[in-house]
Amino acid sequence: MKKLLTKKHPTKKLLLAGAGHAHIGLLRRLANKRLDDLKDIEVSIITEQPQTLYSGMLPGWMAGHYDLRDISINITDLCKRARVTLVQRPIVAVDADKEIVTTAEKEHFHYQMLSLNTGADTDMTWLDTDALADEYLENTVIPVRPIFNFVEQWQQILKQAKQTSSYKVAVVGAGAAATELVMAAQFALQQINANHQACLVCSEHLLSDFDAGFRSRVIKQLQRHNVKIIYERAESLADGQLIMSQQTLAADAVIAATGVIGSAWTGHTNLATVDEGFIAVNDKQQSISHDNVFAVGDVATRVDREMAHSGVHAVFGGKVEADNLLAYLAGDNLKSYQPKNRTLYLLACGDKYAIGSWGSFSVEGRWVWWLKRYIDKRFVNSYK
Ligand SMILES: Cc1cc2nc3c(=O)[nH]c(=O)nc-3n(C[C@H](O)[C@H](O)[C@H](O)COP(=O)(O)OP(=O)(O)OC[C@H]3O[C@@H](n4cnc5c(N)ncnc54)[C@H](O)[C@@H]3O)c2cc1C
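Laid out in structure tokens, this is it:
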């Protein structure tokens, strides 16, 4: 493989797209120690933002426990330390046959090896948008991804909530992120005015991927915060009302944490994709159609096994993927990423209280929040 690369491409270019969990891990490795395997390789990263916001601390930021600096990882600084060229743009297309990545400014970047870690978009397919003006939608329905936009819009929500005597936020979603967001929203809104209210619209599948004990702890915490839970599917919006399958709900703002779909750019690639827009990869996190392209985290879907899109797999899969990038360049054997059966999950409950789960075992308390804070801060600080 090495021979092939050397023959075909005298100068090797490793292009990283997106500064997600996997790539920041690789940048940190490069910053801490110049890897010999990469000494003849030109490494560049193309990413949308000069900072990566850590999603695990987002609810804590909404609740006012952190400021933005606490949850930000500075990519410009990391790239300088790693001696990696940073191009701050969104990618819009990948032609894997010609080995070219195109940005929104129509610039073309050639590569010999490409690693994709651009995350995914919030799935908004539940929302019937036919009769709605774009401007109304933009101001009313706020997808949690991209997180940068969400952060700006949450600040707008708080501004509006301070100017009115009654403000209502509906969070749509049935996963752990939706429950964290609604408790954080309720906590923050109640600090402004006790009349303000956050509500969870979650269909009948609330936390269906979790153990019953964990689920019941989360529901108790939602009740402790007086969060109204509506077990219905949200479908559309009209005149400040969220329309659900059976009833309507007045909402000044709607936050969507409704799972992920492939990013828009994946509609402009000849890489193999699955499930409408996820890059299809094997157990080595390698594209099944182009073996010099690797993808990891939410942008990718494994074809060999079921694996949720989650930060945990972006981090741990990212370590294996980074090793595989180096191994591929060196012509060595690639490793397989096999996730652990159980992972620690820590869910923040708005105030400084959290629930933890490890398989079927779960705990809760203020100490769990302090543990989560310790782990999250250590993660972010490890990039400084
Ligand atoms: C509130 C909340 C809490 C969560 N908590 C947890 C948790 O506790 N544990 C857990 O495992 N998971 C959690 N998740 C899920 C987790 O955030 C995602 O699975 C994880 O962020 C995916 O990481 P990633 O590296 O694939 O991409 P991301 O972290 O989304 O990073 C993508 C990167 O690519 C860049 N980018 C995006 N599009 C482009 C483009 N077109 N061109 C160039 N660059 C681009 C972005 O700017 C960003 O730098 C949570 C999610 C939310 C919303």
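The sequence shown lines up with residues -7 to 376 when you count with our numbering. Using N, Cα and C, we set each Cβ at its ideal position, and we do this for glycine too.
{"query": "Got a sec? Which residues, its chain only, sit under 6 angstroms from Q213 by beta carbon, not counting five neighbours each side?", "result": "C341"}
{"query": "Ordered along the chain, which non-local residues of its own chain (more than five positions away) have a Cβ less than 8 angstroms from that of K220?", "result": "Q189, C191 and L192"}
{"query": "Please go through the stretch 36 to 106 and give each complete alpha helix (DSSP H) segment of 4 or more residues, from N-terminal end onward.", "result": "50 to 54 and 67 to 74"}
{"query": "Counting only the same chain and skipping the five closest in sequence on each side, list residues whose C-beta sits under 6 angstroms from that of A176.", "result": "P51, M54, A55 and G342"}
{"query": "Do the stretch 9 to 26 and the stretch 38 to 46 make contact, defined as three or more Cβ pairs closer than 8 angstroms?", "result": "yes"}
{"query": "Ignoring anything shorter than 4 residues or poking outside the stretch 150 to 185, list the alpha helix (DSSP H) runs there in chain order.", "result": "168 to 184"}
{"query": "If we call anything under 8 angstroms between Cβ atoms a contact, is A287 one with L108?", "result": "yes"}
{"query": "Out of A168, D324, I65 and V136, which has the shortest C-alpha to C-alpha gap to S349?", "result": "A168"}
{"query": "Measuring only the C-alpha atoms, how far is S328 from R294?", "result": "11 angstroms"}
{"query": "Using 8 angstroms as the cut-off, can you tell me whether the stretch 247 to 259 makes contact with the stretch 155 to 174, which would need three or more C-beta pairs spanning the two stretches below that distance?", "result": "yes"}
{"query": "Buried or exposed for E99, going by 16 or more other Cβ atoms inside 10 Å?", "result": "exposed"}
{"query": "Cα separation between R384 and E268?", "result": "As displayed, the chain neither begins before -7 nor continues past 376, which places residue 384 out of reach and without an answer."}
{"query": "Considering only DSSP beta bridges, list what M236 is partnered with.", "result": "A226"}
{"query": "Under the criterion of a Cβ to heavy atom distance below 7 angstroms, does V136 qualify as lining ligand 1?", "result": "yes"}
{"query": "Compare the C-alpha of Y345 against each of A319, S64, W362 and I149 and name the closest.", "result": "W362"}
{"query": "Give the range of the beta strand (DSSP E) segment to which K5 is assigned.", "result": "K4 to A9"}
{"query": "Using 8 angstroms as the threshold, is the C-beta distance between K4 and L321 below it?", "result": "yes"}
{"query": "Between I149, N185 and V266, which has its C-alpha nearest A243's C-alpha?", "result": "I149"}
{"query": "Any heavy atom of ligand 1 closer than 7 angstroms to the CB of P51?", "result": "yes"}
{"query": "Just to confirm, does Q233 get its C-beta within under 7 angstroms of one of the non-hydrogen atoms of ligand 1?", "result": "no"}
{"query": "Tell me whether I92, by its Cβ, gets closer than 7 angstroms to a heavy atom of ligand 3.", "result": "Ligand 3 is not part of the structure shown, which contains ligand 1 as its ligands."}
{"query": "Just to confirm, is the Cβ distance from I253 to L263 under 8 angstroms?", "result": "no"}
{"query": "Mind checking Q215: buried by the 16 CB within 10 Å criterion, or exposed?", "result": "exposed"}
{"query": "Please classify I139: does DSSP put it in a helix, a strand, or coil?", "result": "helix"}
{"query": "Is E172 buried or exposed, if buried means 16 or more other CB atoms sit within 10 Å of its CB?", "result": "buried"}
{"query": "By a C-beta neighbour count over all protein chains shown, 10 Å radius and 16 as the cutoff for buried, is H102 buried or exposed?", "result": "exposed"}
{"query": "Mind checking whether G111 and R81 have CB atoms under 8 angstroms apart?", "result": "no"}
{"query": "Am I right that G303 and G48 are in contact with their C-beta atoms under 8 angstroms? What's the rounded C-beta distance?", "result": "6 angstroms"}
{"query": "Using DSSP's beta-bridge definition, name the partner residues of A245.", "result": "V161"}
{"query": "Label I367 either buried or exposed according to how many other C-beta atoms from any shown protein chain fall within 10 Å of its C-beta, with 16 as the threshold for buried.", "result": "exposed"}
{"query": "Could you tell me if the beta carbon of L106 falls within a distance shorter than 7 angstroms of some heavy atom in ligand 1?", "result": "no"}
{"query": "With H, G and I counted as helix, E and B as strand and the rest as coil, what does DSSP make of V210?", "result": "helix"}
{"query": "Consider the C-beta atom of D290 and the heavy atoms of ligand 1; say whether any pair is separated by less than 7 angstroms.", "result": "yes"}
{"query": "The beta strand (DSSP E) with E356 in it runs from where to where?", "result": "F353 to G357"}
{"query": "Whole-angstrom Cβ separation of T94 and I83, contact assumed at under 8 angstroms?", "result": "7 angstroms"}
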